[in-house]
Amino acid sequence: MRITVKHQVLLAPATVLLLLSLLLAFLCYTYWDLSSKRQEAKAIGTTFVALAEADMAARRLHVIVRTLQFTGMANNEELALLADLYDRLTAAIERIEPFGPLHKSGEIEQLRQLAADINPASSLEPENTNELFSRFRSQLSALSNITQIYRNKLRHNQSQDINHLVEQTALVTVLVLALAILLGIVLSLYFGRRILARIQLLSDNAGRIAGGELDLPPAPDNIRDELDALAVSINRMTKRLIKVVGTEKLLEGAEEERRRIAMDLHDQTLADLSGVLRGLQALTAKSKDQEHSRRAGELEQDLNRAITNLRDIMNNLHPQTLDILGLGAAIEAHLDRHCSSTELPLYHLYIDPRTSELSLDRNQQLALYRIAIEAIQNVIKHAEASRYEVNLELREKLLVLAVEDNGRGLATDRPAEQGRGLNNIRERARSIGAEVGWRSSRFSSGTRFELTLPLP
Ligand SMILES: Nc1ncnc2c1ncn2[C@@H]1O[C@H](COP(=O)(O)OP(=O)(O)OP(=O)(O)O)[C@@H](O)[C@H]1O
Ligand SMILES: [Mg+2]
3 MRITVKHQVL LAPATVLLLL SLLLAFLCYT YWDLSSKRQE AKAIGTTFVA LAEADMAARR
63 LHVIVRTLQF TGMANNEELA LLADLYDRLT AAIERIEPFG PLHKSGEIEQ LRQLAADINP
123 ASSLEPENTN ELFSRFRSQL SALSNITQIY RNKLRHNQSQ DINHLVEQTA LVTVLVLALA
183 ILLGIVLSLY FGRRILARIQ LLSDNAGRIA GGELDLPPAP DNIRDELDAL AVSINRMTKR
243 LIKVVGTEKL LEGAEEERRR IAMDLHDQTL ADLSGVLRGL QALTAKSKDQ EHSRRAGELE
303 QDLNRAITNL RDIMNNLHPQ TLDILGLGAA IEAHLDRHCS STELPLYHLY IDPRTSELSL
363 DRNQQLALYR IAIEAIQNVI KHAEASRYEV NLELREKLLV LAVEDNGRGL ATDRPAEQGR
423 GLNNIRERAR SIGAEVGWRS SRFSSGTRFE LTLPLP
């Protein structure tokens with residue numbers, strides 16, 4: 003199982019965070035344990051003081067009760083003192099906080115019971131008084147002993163506990179921090195290297211493709227993470243690039259072939275025809291027969307027409323104006339020569355003068371020329387338009403070629419016809435990195451064909 007790049011990146015910080023959270027939980031538990039022990043020590047202290055106060059009040063109460071029983075009379079002041087002492091005694095008992103062994107032992111309940119027995123408000127029998135007080139005080143002293151013993155034990159343990167706790171906490175903290183740092187570094191290095199190695203491979207492949215080596219880079223069968231997706235994209239891009247380059251080469255080859263045929267026609271066929279024409283002209287000049295001369299003149303005219311047609315064909319195969327005058331002039335020459343007849347729709351041509359300064363290579367010029375010619379031919383053949391516009395202009399960093407007519411438009415309801423023109427336009431455009439599109443024209447009807455070529 004492979005961990006995705008996102009998780010590989012997150013693994014190291016997540017591990018460090020988890021260890022730090024565990025450390026925090028441990029420190030919280032330690033603090034909670036310590037504070038509960040402190041709470042218990044405080045309860046023991048309060049109880050110890052309360053027991054001492056209760057004992058003092060009981061002793062004084064006992065002396066006064068015995069005196070009054072002996073004299074047999076008591077004034078209001080003495081009665082108030084008795085009540086006050088007894089109140090202090092009960093208040094002290096109420097302040098006793100149960101801790102450790104006193105929890106649920108019943109000792110405190112028993113003390114409360116004995117305190118109720120020595121209440122001076124309930125008429126105490128003189129013969130029972132001493133015994134009741136001594137039972138109460140012995141219970142007090144028993145509780146005091148328990149408290150004292152427990153307090154000593156706790157003090158001893160606590161000082162040991164705190165030392166142990168400090169040592170343990172420091173050790174655990176250092177260990178966990180060291181482990182977190184170590185794991186963080188190891189995981190980051192391990193996954194970082196793995197990711198970097200894969201990125202390096204992808205970057206090498208992309209660099210090779212950019213350098214013109216069109217070997218198909220490997221692509222994983224399954225996409226398991228983002229880098230796999232990138233590898234698949236690079237692979238697909240290369241496949242498409244190979245196709246485009248193939249088309250480009252094909253077009254280049256076709257252009258070269260057209261150039262060769264045009265040259266052959268010029269150097270061979272045209273030269274031959276010119277030779278025949280010269281021979282015919284010589285024959286006509288020598289001939290005395292009128293009928294013969296007329297026939298020869300007609301043949302001469304036919305031959306001249308054939309030569310002109312052949313020149314047109316040659317120019318179509320390899321437009322020389324393009325080489326000599328550039329793209330704008332070549333389009334203008336074509337329109338002038340082939341599209342100016344009165345039966346054909348009217349055209350308006352606009353060539354941005356700045357386009358003549360562009361340094362387009364021969365391939366781009368040829369592609370743009372052929373695309374323009376095909377778009378114009380389509381208007382003449384299919385649009386049933388009365389007029390159309392041909393524009394070649396610069397828009398910021400774009401060269402825009404547009405052919406716009408006022409014809410019937412590219413209807414989607416008509417069945418697609420089997421022409422090659424539109425496909426050729428698309429392929430030629432792709433081979434030079436241009437984009438093409440057809441949409442409704444700005445006239446009331448018709449089509450606008452537009453090509454945009456980004457300029458460097
Ligand atoms: N300007 C236009 N106005 C109206 N319809 C058009 C226009 N341009 C193209 N079309 C339509 O698109 C179809 C395809 O054109 P495409 O150039 O591919 O083929 P074609 O011109 O019929 O044949 P080919 O170009 O191979 O000689 C045409 O048959 C026509 O119906
Ligand atoms: Mg066409």
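Residues 3 to 458 in my numbering are what the sequence shown lists, from first letter to last. Each residue gets a CB set at the ideal place from its N, CA and C atoms; glycine is no exception. All values reported here derive from a predicted model rather than from experimental measurement.
Taking the continuous beta strand (DSSP E) assigned at residue i, which residues delimit it?
i	result
I353	L348 to I353
G439	E437 to S442
P456	T449 to P456
L267	Segment: none, L267 is in no beta strand (DSSP E) and carries neither H nor E.
L360	Neither: L360 is in no beta strand (DSSP E) and is coded neither H nor E.
A404	L400 to D407
Reducing DSSP to helix, strand and coil, say where residue i ends up.
i	result
L216	coil
A123	coil
L394	strand
R97	coil
R238	helix
R389	strand
E254	helix
G411	coil
D227	coil
S136	helix
P222	coil
N77	coil
T344	coil
G108	coil
S143	helix
F193	helix
S446	coil
Whose C-beta lies closer than 8 Å to the C-beta of residue i among residues of the same chain, with five residues either side of it excluded?
i	result
F50	S146, T149, Q150 and R153
S442	G411, G448, T449 and R450
V234	A221, P222 and I225
Take the Cβ of residue i as the centre, count every other Cβ of all protein chains shown within 10 Å, and call the residue buried at 16 or more, exposed below.
i	result
A94	buried
L253	buried
Y31	exposed
T69	exposed
P321	buried
A172	exposed
S433	buried
M265	exposed
G330	buried
I326	exposed
V67	buried
T6	exposed
With residue i as the anchor, note down where its alpha helix (DSSP H) starts and where it stops.
i	result
L285	A273 to K288
E55	V7 to T73
I309	Q292 to L319
E429	G423 to S433
E334	L329 to H340
Relative to ligand 4, is the shortest distance from any of its heavy atoms to the C-beta of residue i smaller than 8 Å?
i	result
L424	Although ligand 4 was asked about, the structure shown includes only ligand 1 and ligand 2 as ligands.
Identify, in the order they occur along the chain, each residue of the same chain with its Cβ nearer than 7 Å to the Cβ of residue i, setting aside the five sequence neighbours on each side.
i	result
A335	T323
Y371	P321, L324, L329, A332 and I333
R428	V438
E250	S433
With a CB to CB cut of under 6 Å and the five nearest residues on each side skipped, what residues in its chain are close to residue i?
i	result
V178	L21 and L25
Any 3 or more C-beta pairs closer than 8 Å across the region 397 to 405 and the region 366 to 383: yes
Sufficient close CB pairs (3 or more, under 8 Å) joining the region 128 to 141 to the region 73 to 87: No, the region 128 to 141 is not in contact with the region 73 to 87.
Segment contact flag, the region 346 to 353 with the region 383 to 397, C-beta cutoff 8 Å, min 3 pairs: yes
Meets three-Cβ-pair contact criterion under 8 Å: the region 53 to 65 and the region 84 to 93: yes
Segment contact flag, the region 239 to 250 with the region 293 to 312, C-beta cutoff 8 Å, min 3 pairs: In short, these stretches do not touch, since the Cβ pair count stays below three.
Given 8 Å, three or more beta-carbon pairs between the region 36 to 44 and the region 122 to 132: The answer is no - the region 122 to 132 does not touch the region 36 to 44, with fewer than three Cβ pairs under 8 Å.
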